[in-house]
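Asks: Below you will find the structure I want to go over with you.
There are 4 protein chains.
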Amino acid sequence: MSGNTFGKLFTVTTFGESHGPALGAIVDGCPPGLPLCEEDLQHDLDRRRPGSSRHTTQRQEADRVRILSGVFEGVTTGTAIGLVIENTDQRSKDYSKIKDRFRPAHADYTYHHKYGIRDYRGGGRSSARETAMRVAAGAIAKRYLATCGIRVRGYMSQLGPIAIEFRDWDAVEANPFFCPDPDRVPELEAYMDQLRRDQDSVGARISVVAEGVPPGLGEPVFDRLDAELAHGLMSINAVKGVEIGDGFASVAQRGSEHRDEMTPEGFLSNHAGGVLGGISSGQAIIAHLALKPTSSITTPGRSIDVEGQPVEVVTKGRHDPCVGIRATPIAEAMMALTLMDHLLRHRGQNQDVSVTTPRLP
Amino acid sequence: MSGNTFGKLFTVTTFGESHGPALGAIVDGCPPGLPLCEEDLQHDLDRRRPGSSRHTTQRQEADRVRILSGVFEGVTTGTAIGLVIENTDQRSKDYSKIKDRFRPAHADYTYHHKYGIRDYRGGGRSSARETAMRVAAGAIAKRYLATCGIRVRGYMSQLGPIAIEFRDWDAVEANPFFCPDPDRVPELEAYMDQLRRDQDSVGARISVVAEGVPPGLGEPVFDRLDAELAHGLMSINAVKGVEIGDGFASVAQRGSEHRDEMTPEGFLSNHAGGVLGGISSGQAIIAHLALKPTSSITTPGRSIDVEGQPVEVVTKGRHDPCVGIRATPIAEAMMALTLMDHLLRHRGQNQDVSVTTPRLP
Amino acid sequence: MSGNTFGKLFTVTTFGESHGPALGAIVDGCPPGLPLCEEDLQHDLDRRRPGSSRHTTQRQEADRVRILSGVFEGVTTGTAIGLVIENTDQRSKDYSKIKDRFRPAHADYTYHHKYGIRDYRGGGRSSARETAMRVAAGAIAKRYLATCGIRVRGYMSQLGPIAIEFRDWDAVEANPFFCPDPDRVPELEAYMDQLRRDQDSVGARISVVAEGVPPGLGEPVFDRLDAELAHGLMSINAVKGVEIGDGFASVAQRGSEHRDEMTPEGFLSNHAGGVLGGISSGQAIIAHLALKPTSSITTPGRSIDVEGQPVEVVTKGRHDPCVGIRATPIAEAMMALTLMDHLLRHRGQNQDVSVTTPRLP
Amino acid sequence: MSGNTFGKLFTVTTFGESHGPALGAIVDGCPPGLPLCEEDLQHDLDRRRPGSSRHTTQRQEADRVRILSGVFEGVTTGTAIGLVIENTDQRSKDYSKIKDRFRPAHADYTYHHKYGIRDYRGGGRSSARETAMRVAAGAIAKRYLATCGIRVRGYMSQLGPIAIEFRDWDAVEANPFFCPDPDRVPELEAYMDQLRRDQDSVGARISVVAEGVPPGLGEPVFDRLDAELAHGLMSINAVKGVEIGDGFASVAQRGSEHRDEMTPEGFLSNHAGGVLGGISSGQAIIAHLALKPTSSITTPGRSIDVEGQPVEVVTKGRHDPCVGIRATPIAEAMMALTLMDHLLRHRGQNQDVSVTTPRLP
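Residue numbers (my numbering), protein chains in the order written: chain A, 200 to 560; chain B, 200 to 560; chain C, 200 to 560; chain D, 200 to 560.
Encoded structure:
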């Protein structure tokens, strides 16, 4: 299929430009009988929503999602679920300036050469606004996974140079950074305020964890759970790196250190991040992603226009000085969508399998 | 599709277990008219082949590939290309010991719980032996890409704690480590010899570069070029992390530093690794992957058996103390397969596009 | 993928229930640069629209389609095209009666057993109303194909017992039956009027023709052009049979009669219907489909309720006494979508092919 | 995906040319734990095998299939199953004559224009020899379906002008025509002998029936069970038409006649052929297919060569005067593969569904 669909048995197909009339998605393959209403999707949409703190873009979008099909009398019917969000706060004039020039490190140049034409308003399809539909679709997956005892949560593990140790989940929802350590929040706010004064942007590292995942999810050899997870996470705007478990730290580790030993009481460690041979082990699935600093900054930059002439670009508009701040719900969504698809695929092929071997706690 | 197929328009489907009679693949969607013979695939197969130095497994496999279809009178016909490699050196007795026990950090435990049954000989389908077919299929993609001026090459950028700076491509092929700096080879050999004495294993970092890629490859939004590349690279055995361009270093970078500025003479840097908005920019595509240390070591480890009872596992057999050493050709193959698929997909949708805008050198 | 997507490179994914808030579709893979506006889709939607004559359901639907993405300044951008049609005339009360009973020969029984739940209002997802989005998507394909000199048209070749010879294309658009022979229209009207008095329904045979298709479209071996065409046409509600070219008449033919001989001036006949070995020959692609009589009739029928108890079912509501009458634009759409997908797929794999052999006129 | 794969969760990908070294297939997604050996596949292969009677091609092929992976200790492991059949009786010289000319009604002309190159030996990929792998893969599906109480069988329902009523299944296996009425066999033999004397060929009609299929298989809206069945059956060489249930006879039927009424004792008829709304109803799935007469006859025919010059073609070689005679096992295979894929897909999405409503016997 073309590029706007994710998943194979539980699929999500999205459409929508930053400044078009609306964003939308079709969620196909959702099991029947799941209680679902628009409010269920709104919670995560609000967590991702712009303008919720002074540290994110000031674009005001209500991001109210409508369910257009697939739900009857409050329950999913098993048929395709249509979702739509109308765009309300589009200031296209903001973008007229960059109509004929390529913003450095943006998709302007590549879309232009791929399609020979581009919707320059706010980046059109390449805008992070597209991720709103991922979050809406991911919320459906999350709800279903919850009925199977699977919980997907994420947090910010690094903001620019500031690394953050995980402390507790409650803290994550109590601040606009999804920071798991309440004591570090003031430091993050001070850093962001200075960054704004510097008219610059910065990157971030997000961590996502899925608990309660049964062993067995993931398909050898190309559709490994970690491979599809990497696919989903890397497809998020601005993501430049993905790690499973120890990730790049594994390079300098020795086998005797990295291997997660097992005892009847369970695994003694989780360097693998819950995936062995591309299949879930029953441990927590742990992934980390790196987001680059947004390129939409007001510090002038060198570029060219569509004629190939040199120009200086200053991105005014309304932008996130750190796209990573709003990325946590998006990363959760992609992990939830990946697990959902693999849960259904595993069931389809292996329904009869009943492994009597004791499973590790 | 199920899990053994990679790609959408140029697809590769593989089969084969470590100790089964043979490995095979079907390469579908290869354009007609490409000169191709078995020798063309053999070069990369030999680069990946075990037993080629004392630093890799001593299993002896000729890895002679046969082309069974899709090639007529020395040229591809456009129909499915069938490939097969017979397994010759299978010492199944080596593995009888671990028939009923799960080797730590191996896929034994997860395959057992997914399927309720597993081919325990050498890990069966989860063995890195499977990657031989990726390399064979990748060689076909490489040859076609070469006719389009695209070249894919890789090298080892870190062995355990030893980081290696790139020096030149010729050096890469002149040593068993794919080390790009001839002066560092003795150091690597000494490290590996000590590692063997320690009866341990270690991880590695591989870098892959594609040059000559035109701008425009990659499909928004889920099938971004970097997302599919991450999928392909993460699907390689033992890979725990993937980076595009600066990867995780982007986290601490500022936008003014990370953004690759453009002038009529070209890009001034390549922090992005040749991908913007998920689409190739015309710069070199750069990816890095982290491979974990193999878990097959002779140092005893704690585990359980299929009854859930505690056991001690010592992996004898013949194994790579560093699976990363042979991973370079595999990583090249996955990048070539990804680029090939996207080249055909881009053409299909955008054949009429002729962008007159000057493209950056 | 799940079941609501058609095509591989040019894909259409639809959603929507007969009495839900709206119908929608995402058309992915449309080449950039195609002039497109909502009016372009409306023409075919109006041809399919209910209530346009006394011989079809009296349900009144404006079927106004909105384009929500993928088109910028009147031209397609190459990104996903979102389409939506709001439902306006829903009289759900009509259906309350059959909430707990299965209408004979309807999908009520099968949806109930597949999903354990169903939207009983007008058949929900199983309603022919779903085909409106196929027609809208098909209109996009038709427009693109037209730029390649390909034209897709259909007509009614049989209504119940009345077989109709093709006479001319202009006649087809001049009557509500898509009848190609103006002299037969009064006969069809008289038949339909009597049918209504009999409170019964009847089947129909539709023929679809694509002219200007270049040789080479279709992928061996499973994705043959005729196989995918059969897939698309058989997926239309009420279709029970598909023929390519002579179809079932081929059974009694001899090879000397059926084979289409070739001369430098062209083919001497077209028994094959424009497809040889699953690949287009350059001749007109000809397909025929059989539509069963709708089961929604006011003549009482025996059935059971959800408790398995016997009931008598009389379908009131507003229904088409012959669903075939409105099927012509739908059949055209499915052929256009199939050709569009294969045109892009063929290009992707065979762009470089330039066959110098003279092609038959 | 490219064109050589069938199915989505249970997939079959094939390769191989008529006169290449071998044919092969990869069956992916087969559930683990199914007892399977090569003999299990051989039975159907022998039913399809050429040279088994004087009424089929005299090419001698043992068609011995080897299982190269996915089966361990006599049981499927859930991993990809690799299959291969070596070609043994290839008389390529037979074909040198038609190297530069297009046989009428063959794929020669279309392959030439699609790929610009073709393997002319026996039609290469377009040869019906390719169907051997469908039969081998179908046999795996049949075995699994049997464990679910599903049985797929076919028979010849018409040979040229001779229509055959079904009488009993035992008769089908007792003659080379798969004729269900033993009393008609002499008539068929006489007809075929005369046909050979006439140096001509003829078409046939095959019927396939699946019994024991539970209600619920099939995915709305494009992946309807009947639509995918039509896809699979139409993809068989020489097939020009597909019917489900009453098929084209439905055109002249009235709703009061066609609709299959239900009582607590079951359905009162099966005009629908076991599919309602694209989903299985629990009744027998019934499909019919029309095969055209083979074009490989020794009666001279007009054609052109690759230069576009007029030529006379006489197909010597060894051919089936009626390809329909060997088509029954192939049609069974395609129905089995379609049902298998939909069984797994249905399970994946609907595992939790437990419909308490009494299901019709």
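All C-beta atoms in this analysis are idealised placements derived from N, C-alpha and C, irrespective of residue type, glycine included.
What would DSSP say about residue 284 (chain C), mapped onto helix, strand or coil?
Replies: Along the third sequence, one-based indexing puts residue 284 (chain C) at 85. Reduced to three states, the DSSP call for residue 284 (chain C) is strand.
Asks: What first and last residue would you give for the beta strand (DSSP E) that runs through residue 487 (chain C)?
Replies: What you label residue 487 (chain C) is simply residue 288 of the third sequence in a count that begins at 1. Residues 484-490.
Asks: Report yes if the CB atom of residue 306 (chain B) is closer than 8 Å to the CB atom of residue 485 (chain A), and no otherwise.
Replies: Residue 306 (chain B) sits at position 107 when you count from the first residue of the second sequence. Residue 485 (chain A) sits at position 286 when you count from the first residue of the first sequence. Cβ distance not < 8 Å, so residue 306 (chain B) and residue 485 (chain A) don't count as in contact.
Asks: Assign residue 304 (chain C) to one of two classes, buried (16 or more other C-beta atoms within 10 Å of its C-beta) or exposed (fewer than that).
Replies: Here residue 304 (chain C) refers to the residue found at position 105 when the third sequence is read from its first residue. That one is buried.
Asks: Looking at residue 335 (chain D) and residue 244 (chain D), is the spacing between their C-beta atoms short of 8 Å?
Replies: Your numbering for residue 244 (chain D) matches position 45 in the fourth sequence. Your numbering for residue 335 (chain D) matches position 136 in the fourth sequence. The answer is yes: Cβ separation under 8 Å.
Asks: Take residue 364 (chain A) as the anchor and find which of A:343, A:406, A:372 has the nearest alpha-carbon.
Replies: Counted from its first residue, the first sequence places residue 364 (chain A) at position 165. The residue with the shortest Cα to Cα distance from residue 364 (chain A) is A:406.
Asks: Nearest to residue 182 (chain D) by alpha carbon, out of D:389, D:341, D:509?
Replies: The requested residue 182 (chain D) does not occur in the structure, where chain D is confined to residues 200 to 560.
Asks: May I have the straight-line CA-CA distance separating residue 393 (chain B) from residue 268 (chain B), to the nearest angstrom?
Replies: As a working mapping, residue 393 (chain B) is identified with position 194 in the second sequence. As a working mapping, residue 268 (chain B) is identified with position 69 in the second sequence. Taking the CA atoms as reference points, residue 393 (chain B) sits about 46 Å from residue 268 (chain B).
Asks: Considering residue 344 (chain B), what are the terminal residues of the alpha helix (DSSP H) in which it resides?
Replies: For the purposes of this step, residue 344 (chain B) is taken as the residue at position 145 of the second sequence. It spans 330-346 - the alpha helix (DSSP H) in which residue 344 (chain B) sits, taken as one unbroken run.
Asks: Give me the Cα-Cα distance between residue 322 (chain A) and residue 230 (chain C), rounded to the nearest whole angstrom.
Replies: Taking the first sequence and counting its residues from 1, one reaches residue 322 (chain A) at position 123. Taking the third sequence and counting its residues from 1, one reaches residue 230 (chain C) at position 31. Residue 322 (chain A) and residue 230 (chain C): Cα-Cα distance of roughly 19 Å.
Asks: Taking the alpha helix (DSSP H) that residue 528 (chain B) falls in, what are its first and last residues?
Replies: Here residue 528 (chain B) refers to the residue found at position 329 when the second sequence is read from its first residue. Where residue 528 (chain B) is concerned, the enclosing alpha helix (DSSP H) stretches over 527-549.
Asks: In angstroms with no decimal places, state the Cα-to-Cα distance between residue 474 (chain B) and residue 457 (chain A).
Replies: In the second sequence, counting from the first residue as 1, residue 474 (chain B) sits at position 275. In the first sequence, counting from the first residue as 1, residue 457 (chain A) sits at position 258. Distance between the alpha carbons of residue 474 (chain B) and residue 457 (chain A): 32 Å.
Asks: Measuring CB to CB, does residue 248 (chain A) end up less than 8 Å from residue 330 (chain A)?
Replies: What you label residue 248 (chain A) is simply residue 49 of the first sequence in a count that begins at 1. What you label residue 330 (chain A) is simply residue 131 of the first sequence in a count that begins at 1. In this structure, residue 330 (chain A) does not lie closer than 8 Å to residue 248 (chain A) by Cβ.
Asks: Using Cβ-Cβ distances below 7 Å, what residues of the stretch 410-441 of chain C are close to chain B?
Replies: If the cut-off is 7 Å between Cβ atoms, the stretch 410-441 of chain C has 419 near chain B.
Asks: Out of B:416, B:418, B:435, B:482, state which residue places its alpha-carbon closest to the alpha-carbon of residue 410 (chain B).
Replies: One-based indexing of the second sequence puts residue 410 (chain B) at position 211. Here the closest residue by C-alpha is B:482.
Asks: Would you identify the three-state DSSP class for residue 437 (chain A), choosing helix, strand or coil?
Replies: For the purposes of this step, residue 437 (chain A) is taken as residue 238 along the first sequence, with counting starting at 1. Coil at residue 437 (chain A), not helix or strand.
Asks: Cβ closer than 9 Å: which chain B residues qualify as neighbours of residue 324 (chain A)?
Replies: The sequence position of residue 324 (chain A) within the first sequence is 125, counting from 1. Residues of chain B passing the Cβ test: 419, 420, 476.
Asks: According to DSSP, is residue 241 (chain A) part of a helix, a strand, or is it coil?
Replies: Residue mapping note: residue 241 (chain A) aligns to position 42 of the first sequence, counting from 1. Here residue 241 (chain A) sits in helix by DSSP.
Asks: Just the chain A side, please: which residues come within less than 8 Å of residue 301 (chain B) by C-beta, in chain order?
Replies: In the second sequence, the residue the question calls residue 301 (chain B) occupies position 102. Correct list: 461.
Asks: Of all the options D:504, D:498, D:242, which has the alpha carbon lying nearest to the alpha carbon of residue 300 (chain D)?
Replies: Looking up residue 300 (chain D) in the fourth sequence gives position 101. Nearest option by C-alpha distance: D:504.
Asks: Within its chain, find whatever has a CB closer than 8 Å to the CB of residue 468 (chain D); leave out the 5 residues flanking it on each side and keep chain order.
Replies: For this step, residue 468 (chain D) is matched to residue 269 along the fourth sequence. Correct list, in chain order: 459, 460.
Asks: Under 7 Å Cβ-Cβ, which residues of chain C neighbour residue 314 (chain D)?
Replies: One-based indexing of the fourth sequence puts residue 314 (chain D) at position 115. Correct list: 549, 552.
Asks: Between residue 203 (chain C) and chain D, is any beta-carbon pair separated by less than 8 Å?
Replies: If you number the third sequence from 1, residue 203 (chain C) lands on position 4. Output row for residue 203 (chain C): interface = yes.
Asks: From residue 324 (chain D) to residue 538 (chain C), what distance separates their C-alpha atoms?
Replies: Here residue 324 (chain D) refers to the residue found at position 125 when the fourth sequence is read from its first residue. Here residue 538 (chain C) refers to the residue found at position 339 when the third sequence is read from its first residue. Rounded to whole angstroms, residue 324 (chain D) and residue 538 (chain C) show a C-alpha spacing of 22 Å.
Asks: Go ahead and label residue 242 (chain D) buried or exposed: buried means 16 or more other beta carbons lie within 10 angstroms of its beta carbon, across all protein chains shown.
Replies: As a first step, residue 242 (chain D) must be located in the fourth sequence, where it is residue number 43. Exposed, because fewer than 16 other Cβ atoms sit within 10 Å of the Cβ of residue 242 (chain D).
Asks: Please classify residue 287 (chain C) as buried or exposed, where buried requires at least 16 other C-beta atoms within 10 Å of its C-beta.
Replies: Translated into positions along the third sequence, residue 287 (chain C) becomes position 88. Exposed is the call here.
Asks: For my contact list, residue 454 (chain D) and residue 529 (chain C) are in at a C-beta cut-off of 8 Å; report their separation, rounded to the angstrom.
Replies: Position 255 of the fourth sequence holds residue 454 (chain D). Position 330 of the third sequence holds residue 529 (chain C). Your pair residue 454 (chain D) and residue 529 (chain C) does not check out as a contact, with CB atoms roughly 19 Å apart and the cut at 8 Å.
Asks: Report the rounded CA-to-CA distance for residue 546 (chain A) versus residue 507 (chain C), giving the unit in angstroms.
Replies: Along the first sequence, read from residue 1 onward, the residue named residue 546 (chain A) stands at position 347. Along the third sequence, read from residue 1 onward, the residue named residue 507 (chain C) stands at position 308. The straight-line gap from Cα to Cα measures roughly 30 Å.
Asks: Could you tell me how far apart the beta carbons of residue 444 (chain D) and residue 472 (chain D) are, in whole angstroms, since I believe they sit closer than 8 Å?
Replies: For the purposes of this step, residue 444 (chain D) is identified with residue 245 of the fourth sequence, where counting begins at 1. For the purposes of this step, residue 472 (chain D) is identified with residue 273 of the fourth sequence, where counting begins at 1. The C-beta separation of residue 444 (chain D) from residue 472 (chain D) comes to about 2 Å, placing the pair in contact by the 8 Å criterion.
Asks: Could you list which residues in chain A have their beta carbon closer than 8 Å to that of residue 234 (chain C), in chain order?
Replies: Numbered from its first residue, the third sequence carries residue 234 (chain C) at position 35. The contacting residues do not exist; residue 234 (chain C) stays about 12 Å from chain A at best.
Asks: Just list the residues that DSSP pairs residue 358 (chain D) with in beta bridges.
Replies: The residue labelled residue 358 (chain D) in the question sits at position 159 within the fourth sequence. According to DSSP, which records beta bridges pairwise, residue 358 (chain D) is partnered with D:361, D:403.
Asks: For chain C, find out if any of its Cβ atoms is closer than 8 Å to the Cβ of residue 240 (chain A); answer yes or no.
Replies: As a working mapping, residue 240 (chain A) is identified with position 41 in the first sequence. No, its Cβ sits nowhere closer than 8 Å to a Cβ of chain C.
Asks: For my contact list, residue 421 (chain B) and residue 326 (chain A) are in at a C-beta cut-off of 8 Å; report their separation, rounded to the angstrom.
Replies: Along the second sequence, read from residue 1 onward, the residue named residue 421 (chain B) stands at position 222. Along the first sequence, read from residue 1 onward, the residue named residue 326 (chain A) stands at position 127. The Cβ separation is near 15 Å, so there is no contact.
Asks: Have a look at residue 395 (chain C) and residue 359 (chain C) and give me their C-alpha separation to the nearest angstrom.
Replies: Residue numbering aside, residue 395 (chain C) sits at position 196 when the third sequence is read from its first letter. Residue numbering aside, residue 359 (chain C) sits at position 160 when the third sequence is read from its first letter. Between residue 395 (chain C) and residue 359 (chain C), the C-alpha separation is close to 13 Å.
Asks: How many angstroms separate the CA atom of residue 234 (chain C) from the CA atom of residue 501 (chain D)?
Replies: As a first step, residue 234 (chain C) is located in the third sequence; it is residue number 35 there, counting from the start. As a first step, residue 501 (chain D) is located in the fourth sequence; it is residue number 302 there, counting from the start. If you take the alpha carbons of residue 234 (chain C) and residue 501 (chain D), they lie about 44 Å apart.
Asks: With C-beta atoms as the reference, is residue 205 (chain C) less than 8 Å away from residue 536 (chain C)?
Replies: On the third sequence, position 6 is the one that residue 205 (chain C) refers to. On the third sequence, position 337 is the one that residue 536 (chain C) refers to. Yes.
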